[in-house]
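Residue numbers for the sequence shown follow this note's numbering, beginning at 2 and rising by one.
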Amino acid sequence: MYNKGLFILIFLSSWLTQAQLKDSLDLTEKSYHDNFLERLENQPLLYTKDLLKNVTQTSLSLESKKLNFKRVQTPEESITYQFKTEGFFSLSEKLKVFGRFNFDKIEEKQMGFNSTLERTENQAVLTPNYFYAPQKGDWDNQIFDMMGGASYLINNHWSVGGVINYKNHKAYRDIDPRPDLQLADYKAKVHLGYAIKKHQFIANAGLGSASTTASIIYVDDTQNAPVYQETFTKFSSGYGRVVFNSSYRRFLERERPQSAGLAYSYQYNRSRVSLDYNYLKSIKNSYNRDANNRVYFDEKLIAYKYRSIEHLTKLNFDYDGEKVDYFLQLNYQQQTGDNYSVIDQGQNYQQNIQVIGFNSAILQQENNKMLWQARFSASYLDSDYTDLLGFTKKEISALKLRGEFGKDIWTNSKNKINFAVSAEAYIPVQENLITTQVTSDTSFTDRVIKPDHAFDSTSKLRAGAEINYTLKLSNQKSLRFFLNYKNLSALSDEYQKYAPQLRTSSSHFTNFGLRLFY
C-alpha cells in the first residue's frame, strides 16, 4: 500500500513539472508569493473559484551554514544541496492540481549530544526519548519530500479536495558511536467545502503514519563503556533525566498523527477574509527489546509514549489589486506535550508553548515591474519545559520582530535585477532556569541545558540581503540566479549568567542557485 502511494506521488510530481504551460507566471515578486503553495496545501478549497495563472518552477541550490552562535544539539557547519520542483495547474474551470518534489543532500559537521533526525537550530528542546553521546561527529543526510494535491468544484456550492505527503529521511554518522536512522512519513488530508453567495465553509480531516527505524553500532566496542564518557551511549527520556537503555543497537519509533480543521471565508470583489482553525494530535511510541533481544512494533514493547497536541488559529485578509496587493494575518498557536514512561508507570516530562503573531506584506507593481515590496511580522513566544524526574524547569518568553524591503533596481524587456534587505530581532522578555542535581553525572545539564538556555536568553539580530537576476528566455520561460546572505549576532551578554564560555561570534548563512520558470 505504501509503495503504491509513493508511486502515485512521484508520478504526480513528475507530470506536474513536465506539463506545458499556457499561461506562465514569472514570480519576480518572490518574497510576496513564496508561501503560496504552502497556503494552497493547507487550504486548497479557498482557491477553487479563483482565476489563477499556471506556474512551474524548478531550482538547484546550495546552502552553507557556519553556526558559531547556536544551541548545542546542532552541527557547527552544514552544506545542503537541493533540487526542488513545484507547480500549480488549472486543468479546467473546475479542476486544479498542484505538487512539489524536493531532494536534499545534507552534510553536517561536528554535532554531539544528538543521535536523532531533529536539530535544535529552530526548536529549543528535542522531542524526549532519544539516544546520544557527547562525542561530536559528522553526519550525512538524504531527504526525499513529496506532496501532491487537487481541488475539484463539483457545482456552484460543493467542492472537494485532497493532499497527500510522503517524506523519507536517511541519516548516518561516520564516527563511534555510529547511528543509522531512517524515517518514512506518510500523511493524507481530505477537504470538503460548501459555498453560498460570497461565503464558503470548509471542513478537513487528516491521518498519518511516521515510523523511524534506527540502530547504533561501534567499530570499537570498547568505546561503549561508562569509563569513556564522551562515546558512551546514554538515553534522554525528558530534559535532564538521563538513563541507560540497552536497546540502542536497534530501536523503533512510530507516530500516528490525527488532524481536523474548520475554515470560513468571505470574498468581495478583490478582497478575501478567512478564518482557519486546525487541531493536531499525535502520540509517538518508543519501543524497547523483548526478552530475546528483538525489537518490533508491538504494544507490549512500548517503553515511552510522547503525546503532543496543537491548536492553530489564523485570521487572514487578502487584497489583490491591479497595482497593489497586500496581506494581513493574525495567528495564535498553542502546543502541549507530555511524556509517559511505561517503565516507571508515570509522567516525567511536560512542555507548553504559546505563540501569538501578526504578519503583513504589501506589493506595489506597474507594467510587470516591482516598484517595491515590504513585509513586517511580530510574534510573542511564551514557553516552558519541565522534567519532573530530572528536576529541570526552563521558561522563556520572547518577542520577535522582522522586517523586509525589496524592489526591482534595474529592468528592461529581457533582464531584471531585484534586491531586498531584511532584519529580524529576538528580544527575551522573561527567562528562568531551575536545575537540581539528582545524580553525580551532570554533563547533560552543564553541557546542554545551561548553554542552550544561555543562547535562548540572549538578544539576537539576524540581518540579511538578497539579490535576484532574472533573464527572460521566451514568452513562457525565464531563468533566475539568486544569492542571499544572513548573519546572526548576539546583541547582549545575558548568556554569561548561565554559560560564560558560550561562543558568541556571528553565525553565517549563504544560499545561492538558479531557478527555471517554464
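We treat Cβ as the ideally placed atom computed from N, Cα and C, and that holds for glycine.
Which residues share a DSSP beta bridge with residue i?
i	result
Gly-262	Asn-205, Asn-279
Arg-376	Ala-362, Glu-405
His-34	Its beta-bridge partners do not exist; DSSP assigns none.
Gly-520	The first residue shown for the chain is 2 and the last is 519, placing residue 520 beyond what the model contains.
Leu-313	Asn-279, Gln-334
Tyr-82	Leu-63, Lys-106
Lys-370	Glu-367
Thr-393	Asp-388, Thr-436
Ile-357	Tyr-333, Tyr-381
Ala-151	Val-98, Gly-163
Thr-471	Lys-417, Arg-481
Thr-412	Lys-417
Asp-181	Tyr-173, Ser-216
Can you tell me whether residue i is helix, strand or coil according to DSSP?
i	result
Lys-324	coil
Ile-303	strand
Ile-144	strand
Lys-478	coil
Leu-17	Low local confidence applies: a pLDDT of 41 at Leu-17 is under 50, so the model's placement there is unreliable, with the coordinate-based value given in what follows. Looking at Leu-17 - three-state DSSP - the assignment turns out to be helix.
Arg-271	coil
Arg-120	coil
Asn-289	coil
Asn-340	strand
Ser-444	helix
Asn-43	helix
Ile-284	strand
Ser-60	strand
Leu-26	Note that Leu-26 scores a pLDDT of 38, beneath 50, so its modelled location is shaky; the value from the coordinates is reported in the next line. Three-state DSSP puts Leu-26 in coil, outside helix and strand.
His-454	helix
Ser-398	strand
Glu-495	helix
Tyr-131	strand
Ser-91	strand
Ser-507	coil
Val-430	strand
Arg-540	Nothing about residue 540 can be read from this structure; the chain reaches only from 2 to 519.
Val-449	helix
Would residue i and residue j be called neighbours here (beta carbons separated by less than 7 Å)?
i	j	result
Tyr-278	Thr-314	yes
Asn-419	Asp-409	yes
Gln-136	Thr-232	yes
Leu-47	Ser-266	yes
Arg-290	Ser-238	no
Asn-488	Ala-464	yes
Glu-77	Leu-63	no
Phe-568	Thr-86	What the structure shows of the chain is the stretch from 2 to 519, and residue 568 is not part of that stretch, so it cannot be assessed.
Ser-287	Asn-130	yes
Phe-245	Phe-132	no
Pro-452	Leu-400	no
Thr-121	Arg-174	no
Ala-151	Val-191	no
Phe-445	Val-220	no
Phe-298	Arg-255	yes
Leu-329	Ser-361	yes
Leu-462	Thr-59	no
Asp-177	Gln-143	no
Glu-405	Asn-433	no
Looking at the C-beta of residue i, does it have a partner C-beta in chain D at a distance below 7 Å?
i	result
Asn-103	The structure shown contains no chain D, having only a single protein chain.
Our contact map puts residue i next to residue j with C-beta atoms below 8 Å; I'd like the distance itself, whole angstroms only.
i	j	result
Tyr-33	Asp-321	That pair is no contact at about 11 Å.
Lys-168	Asp-186	4 Å
His-158	Ile-197	6 Å
Asp-457	Ala-125	6 Å
Asp-388	Gly-514	Not confirmed; about 42 Å, so no contact.
Ser-79	Glu-109	5 Å
Ser-91	Asn-55	6 Å
Ser-460	Pro-501	No, Ser-460 and Pro-501 are not in contact; Cβ-Cβ is about 17 Å, not under 8 Å.
Check your understanding: What are the start and end residues of each continuous beta strand (DSSP E) run of 3 or more residues lying completely inside the stretch 185 to 231, in chain order?
Key -> 200 to 218
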